[in-house]
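Asks: Mapping of the sequence shown onto full-length UniProt numbering: position 75 corresponds to residue 75, and the numbering continues sequentially without gaps.
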Amino acid sequence: MIELKYFTEGDIPQLISWIDSPEFLLQWSGTGFTYPLTHQQLIKYLGEANKVGSEIQAFKVVHVESSKVIGHISLGSINLHNRNARMCRVLIGDEEMKGKGLAPLMVNKLLNIAFVQFGLHKVSLAVYDFNTPALKLYQKMGFQTEGLIREASRIVNDYWSYYEMSILDREWSSVLNENGRENLGKVDGD
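1) Is R86 buried or exposed, if buried means 16 or more other CB atoms sit within 10 Å of its CB?
2) Would you kindly report the start and end of the unbroken alpha helix (DSSP H) that includes residue 201?
3) Who are the near neighbours of G119 in its chain, counting only those whose CB is closer than 6 Å to its CB and skipping five residues on each side?
4) Rounded to whole angstroms, what's the CA-CA distance from L168 to N177? Just pull it up for me.
5) Buried or exposed: R89, going by 16 or more other Cβ atoms within 10 Å of its Cβ?
6) Which parts of the region 61-135 are runs of the alpha helix (DSSP H), unbroken and 4 residues or longer, counting only runs that do not cross its ends?
7) With a threshold of 8 Å, are at least 3 pairs of Cβ atoms found where one atom belongs to the region 116-136 and the other to the region 60-74?
8) Do I2 and M106 count as a contact pair if the criterion is CB distance below 8 Å?
9) Under 8 Å between the Cβ atoms of L46 and E9?
10) Please report the Cβ distance between D11 and K44, rounded to the nearest whole angstrom; I am assuming they are in contact, meaning their Cβ atoms lie under 8 Å.
11) Which word fits N79, buried or exposed, when buried means at least 16 other C-beta atoms lie within 10 angstroms of its C-beta?
12) Report buried or exposed for Y163, applying the criterion of at least 16 other Cβ atoms within 10 angstroms of its Cβ.
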């Protein structure tokens with residue numbers, strides 16, 4: 001149904017087209033980029049990604065049946081010594097593909113890369129407290145809430161709080177054993 005392929009310079013215009021407001025950019029990337037999202041910002045991001053030993057693995061999400069790029073997801077802050085990383089920049093940008101149950105597949109494929117290919121022990125993430133669908137998804141997939149980081153991100157004259165969540169390799173394996181291991185696999189597009 002979907003596959004993860006390395007995000008490339010050719011994918012930049014599509015990603016930029018999905019980020020249509022400062023609020024949405026902050027929700028998608030945290031404080032990693034500034035609005036408006038530009039080609040130059042993403043070239044810098046790519047320059048640090050997808051290499052042997054890189055701390056960032058950035059992926060486009062491809063809908064297999066249509067061959068359309070429908071989203072983006074990243075594994076960042078990869079620390080092989082401590083065997084941890086952060087799942088970030090999770091997005092289904094194609095409006096026609098939202099609500100079709102693809103987000104759990106994206107997350108599982110990324111976790112498979114983290115735990116199986118990289119041999120990591122822990123994957124963490126940050127999700128804004130008002131993003132109820134994402135919170136429910138991550139909880140359902142076995143992520144544990146570690147705490148609420150209050151008013152950490154400023155947007156115009158408001159502050160947003162976020163939850164810090166994580167999943168350990170053994171927790172992910174347990175959830176997979178309960179729910180099945182279909183739709184996993186190695187990243188395509190090296």
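Think of the CB as a built atom: it goes at the ideal place given N, C-alpha and C, for glycine as much as any other residue. Bear in mind the structure is a predicted one, so any value in this text is a computation, not a measurement.
Replies: For this structure:
1) The residue is buried, with at least 16 neighbouring Cβ atoms inside 10 Å.
2) Nothing about residue 201 can be reported from this structure: the residues present for the chain run from 1 to 190 only.
3) none
4) 14 Å
5) Classification of R89: buried, given that the 10 Å Cβ count is 16 or more.
6) 102-112
7) no
8) yes
9) yes
10) Between K44 and D11 the Cβ distance is about 15 Å, and since that is not below 8 Å, they are no contact.
11) With fewer than 16 other Cβ atoms within 10 Å, it is exposed.
12) Residue burial is scored here from C-beta neighbours: Y163 has at least 16 other C-beta atoms within 10 angstroms and is therefore classed as buried.
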